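Have a look at the structure below before the remarks.
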Amino acid sequence: MRVSVIIPHLNQEDQLQQCLQSLHEQSCIEDVIIEIIVVDNGSQRLPREICSRWDDVKLISESIPGPGPARNRGVAEATGDILAFIDADCRAETGWIASIVN
């Protein structure tokens, strides 16, 4: 099973760091491959340094403003069986992905 997590991002590097950390602290997902796609939507500075801290995080850009176009761009890039969406300023509880898969 493969889950693609799509995160729209705009000028929220500190929050994105916390969001990505929470995704990497997920539990009960031994048989699940997680693909994380951060879609930057015109930030003053791309969050390359933050995203490069993890091998499973892919950073792409969307030039059309708004979280909707950013999410749609992430969907177009996703390869997962399941799509999950979270905003950059949110943190996932440790069982979030497991409950989505179940």
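If you use this note's numbering, the sequence shown corresponds to residues 1 to 102, in order.
The beta-carbon is built from N, C-alpha and C at its ideal position, and this holds for glycine as well.
Just so it is clear, the structure is predicted and the values come from calculations on it, not from any experiment.
- Any 3 or more C-beta pairs closer than 8 Å across the stretch 59-79 and the stretch 24-37: Yes, since at least three Cβ pairs between the stretch 59-79 and the stretch 24-37 fall closer than 8 Å, the two stretches touch.
Enumerate in chain order the residues of its own chain whose CB-to-CB distance from Ala88 is below 8 Å, with the five nearest sequence positions on each side excluded.
Excluding five sequence positions before and after Ala88, the CB atoms of its chain that fall closer than 8 Å to its own CB belong to Ile7, Pro8, His9, Leu10, Gln12, Gln15, Leu16, Cys19, Val38, given in chain order.
message = So, at 8 Å on beta carbons, what are the nonlocal neighbours of Ile82 in its own chain, with the 5 sequence-adjacent residues on each side left out?
response = Correct list, in chain order: Met1, Arg2, Val3, Ser4, Ile100, Val101.
| When DSSP labels each residue in this structure, what does Leu16 get in the three-state scheme? | In this structure, Leu16 counts as helix in the three-state DSSP scheme.
Original post:
How many angstroms separate the CA atom of Asp55 from the CA atom of Gln26?
Top reply: Rounded to the nearest angstrom, the two C-alpha atoms are 16 Å apart.
* **Check whether Trp96 and Ser43 have beta carbons under 9 Å apart** => Contact: no.
Could you give the first and the last residue of the continuous alpha helix (DSSP H) run that contains Ser61?
Careful: Ser61 lies outside any alpha helix (DSSP H), inside the beta strand (DSSP E) at 57-61.
**Request:** Ignore the nearest five residues each way along the sequence and tell me which others in Val57's own chain have a CB closer than 7 Å to its CB.
**Result:** Excluding residues within five positions, the ones whose Cβ falls inside 7 Å are Leu20, Ile36, Val38, Cys51.
_Quick check on Arg71: buried or exposed, where buried means 16 or more other Cβ atoms within 10 Å of its Cβ?_
By the neighbour-count rule (16 or more Cβ atoms within 10 Å), Arg71 is buried.
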